[in-house]
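Residue numbers (the working numbering): 1 to 71. Here a beta-carbon is modelled for each residue, glycine too, at the ideal position from N, C-alpha and C.
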Amino acid sequence: MATDKTNETPDLSYRQAIREIESILGKIEKQDLDVDELAEKLKRVNELIRLCKKKLFTAEKEVEKILKEME
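Here you go:
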């Protein structure tokens, strides 16, 4: 029943990724997932965390570049 959203991940905004992570974690906390879904959802959370880290790193580099140009 778990859907594979791997191809959709790059198109997600940081905010969308965080919301999806929060949604998945909420389901885990409520124990609304069976074992098969749990493994798939944890894989998805891992993908989303990697995406968020990448977006944060990119934003940090852009801010550093802008600040350097302002000097």
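A distance below 8 Å between beta-carbons, with the five flanking residues on each side excluded, links T9 to the following residues of its chain, in chain order: A17, E47, L48 and L51. Inter-residue distance for T58 and E22 is about 22 Å (C-alpha atoms, whole angstroms).
Counting C-beta atoms within 10 angstroms of its own C-beta, E62 has fewer than 16 neighbours from the protein chains shown and is therefore classed as exposed.
In this structure, the beta-carbon distance from K27 to K43 does not fall below 9 Å. Pairing M70 with V45, the inter-Cα distance amounts to about 37 Å.
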